[in-house]
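According to my numbering, the residues represented by the sequence shown are 503 to 796, in order.
In this text, a Cβ means the ideal position worked out from N, Cα and C, and glycines have one as well.
Note that the coordinates shown come from a computational prediction; the quantities given were computed from them, not determined experimentally.
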Amino acid sequence: MPSNGSTSPVTVLGLGLMGSALASALIEAGHPTTVWNRTASKTGPLVAQGAAPADTARAAVTASDLVIVCLTTNDSVRTLLEPEAEALAGRTVVNLTNGTPAQARELASWAAAHGITYIDGGIMAVPQMIATPGAYILYSGTDETAFTTHRPTLAALADTKWVGKDPGLAALYDLSLLTGMYGMAMGVAQAFALIRSEGIPAQEFAPLLTDWIVAMTHGIVPGGAEALDTDQHLTDVSNLAMNREAFPNFTAAFAEQGLRTDLFEPLQDLLDRAVEQGHGADGFSRMSLLLRKD
Ligand code: FVH
């Protein structure tokens with residue numbers, strides 16, 4: 503039986519930037535922490551902090567009932583764990599590697615077939631945020647009891663958010679949140695490129711941009727969610743027909759200012775399609791429906 507005490511042993515496989523931050527937080531919280539990394543030299547700072555280094559993945563896996571994995575891709579996770587299936591049987595694997603819902607479900611099926619409890623996770627933090635307020639990790643998996651058992655240990659990493667028994671859900675929430683972030687980051691990149699095209703420093707413009715994005719986020723996110731869930735897309739604020747007519751100004755200005763237009767061009771296509779399909783009076787919430795393949 504795994505111990506659920508605040509100092510239960512834990513193993514961390516993968517000591518890149520994130521894996522090292524995770525292991526460090528566990529050591530800091532007093533957990534006997536066994537670490538393993540493909541490139542052994544990366545264990546150094548953690549061993550200095552108190553971690554036990556394992557020479558092999560097998561030795562690392564057998565040191566703890568809870569095994570946290572954080573590698574580059576789920577392909578590498580599968581490659582690493584497959585030969586250790588027997589040693590992992592009866593233990594809990596928490597996979598914090600970024601991946602898709604389908605990959606998580608596939609790993610969960612593989613684990614179940616070998617008697618391994620599998621919990622998938624999505625880290626909503628950068629390494630520097632681990633074990634600080636504001637960071638959280640999404641978890642999902644068929645065995646909620648295993649999650650509850652290990653929750654006190656996982657809480658040393660970041661706030662824990664259980665999102666359901668479908669193993670793919672943590673990845674779904676993770677990628678959905680990151681989708682919003684990437685859209686915003688790319689918009690910011692284009693905005694900085696535009697303002698700097700006239701020699702205006704990005705730092706001078708940044709406070710305006712921050713306030714604008716925050717205000718628009720408060721307007722677009724909750725309102726859009728309500729419109730989508732109630733299927734009521736008509737708006738008296740900023741409809742798609744108006745946006746479609748205004749949108750060529752963006753690509754035209756980018757071109758005039760010597761910038762590339764290809765990031766925003768697909769958005770014009772989407773607005774054109776929305777209006778051509780009769781949704782000109784609707785707000786941005788309609789776009790989520792137009793992004794579906796069907
Ligand atoms: N860093 C971040 O800001 C983000 C925050 C949100 C979550 N992501 C995801 O976390 C996973 C790991 O990211 P990372 O930042 O730790 O990445 P690296 O520093 O590049 O370390 C990668 C580790 O993976 C090991 N590795 C790769 N392939 C294999 C393999 N075939 N077998 C065994 N280990 C492998 C690698 O080992 P080595 O190169 O040092 O020998 C590193 O330990 C990732 O999914 C992010 O999307 C991070």
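{"query": "Limits of the unbroken alpha helix (DSSP H) element including residue 751", "result": "750-758"}
{"query": "Segment limits, beta strand (DSSP E) that includes residue 802", "result": "Nothing about residue 802 can be reported from this structure: the residues present for the chain run from 503 to 796 only."}
{"query": "Of the residues 571, 606, 559 and 575, the one placed nearest residue 588, counting alpha carbons only", "result": "559"}
{"query": "Through-space distance from residue 737 to residue 729, alpha-carbon basis", "result": "9 Å"}
{"query": "9 Å Cβ cutoff met for residue 643 and residue 603", "result": "no"}
{"query": "Residues that residue 625 bridges to, as DSSP identifies them", "result": "639"}
{"query": "Residues whose Cβ lies closer than 6 Å to any heavy atom of the ligand FVH, in chain order", "result": "516, 517, 518, 519, 520, 521, 539, 540, 541, 544, 572, 573, 574, 578, 581, 582, 599, 600, 625, 628 and 629"}
{"query": "Complete beta strand (DSSP E) runs within the segment 541-595 (minimum length 3 residues, chain order)", "result": "568-571"}
{"query": "Environment of residue 527 [buried if 16+ CB atoms lie within 10 Å]", "result": "buried"}
{"query": "Residue burial classification, residue 532 (beta-carbon count within 10 angstroms, cutoff 16)", "result": "exposed"}
{"query": "Segment limits, alpha helix (DSSP H) that includes residue 662", "result": "Segment 661-666 is the beta strand (DSSP E) holding residue 662; no alpha helix (DSSP H) there."}
{"query": "Whether residue 536 touches residue 561 by CB criterion (9 Å)", "result": "yes"}
{"query": "Residue 623 vs residue 598 beta-carbon contact at 9 Å", "result": "yes"}
{"query": "Close-in-space but distant-in-sequence residues of the same chain around residue 548 (CB under 6 Å, 5 per side omitted)", "result": "525 and 537"}
{"query": "Helix, strand or coil at residue 733 according to DSSP, with G and I counted as helix", "result": "coil"}
{"query": "Inter-residue Cα distance where the pair is residue 723 and residue 733", "result": "15 Å"}
{"query": "With 16 other Cβ atoms within 10 Å as the buried cut-off, status of residue 514", "result": "buried"}
{"query": "Cβ-Cβ distance between residue 520 and residue 632 below 9 Å", "result": "yes"}
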